[in-house]
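Undergrad: In this text, residue positions in the sequence shown follow this note's numbering: the first is 4, and each later residue adds one.
Just so it is clear, CB atoms sit at the ideal spot from N, CA and C, and this is done for glycine as well.
This structure is a prediction, so every number in the text was calculated from the model and none was measured.
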Amino acid sequence: MTPKDFFDKVVEMRRCQKEYLKNKRQIDLRISKQIEREVDEEIERVQKILHDKQNPQLF
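1) Count Cβ pairs between the segment 36-46 and the segment 4-17 that sit closer than 8 Å; are there 3 or more?
2) For Lys7, name the three-state secondary structure that DSSP assigns.
3) Do you know whose CA, among Met4, Met16, Asp8, Lys7, lies nearest Arg40's CA?
4) Tell me which same chain residues have a C-beta within less than 6 Å of the C-beta of Ile34, skipping the five on either side of it?
5) Please report the straight-line C-alpha distance between Ile38 and Lys7, rounded to a whole angstrom.
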């Protein structure tokens, strides 16, 4: 995921969260949770890359 893709995903997530808080529709909650999982997965992926760069394996 590119930084722009990540940014767009977070913007979409926040929009869905706000929509859910406004209307309390279950579909908005489900969508926002799905997008949140995608954002969390990307954060974990990038953290692993950064960790691996900071701690290279010798063998």
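TA: Taking the structure as given:
1) yes
2) helix
3) Met16
4) Scanning its chain for C-beta atoms nearer than 6 Å, with the 5 sequence neighbours on each side dropped, one finds around Ile34 the residues Cys19, in chain order.
5) 15 Å
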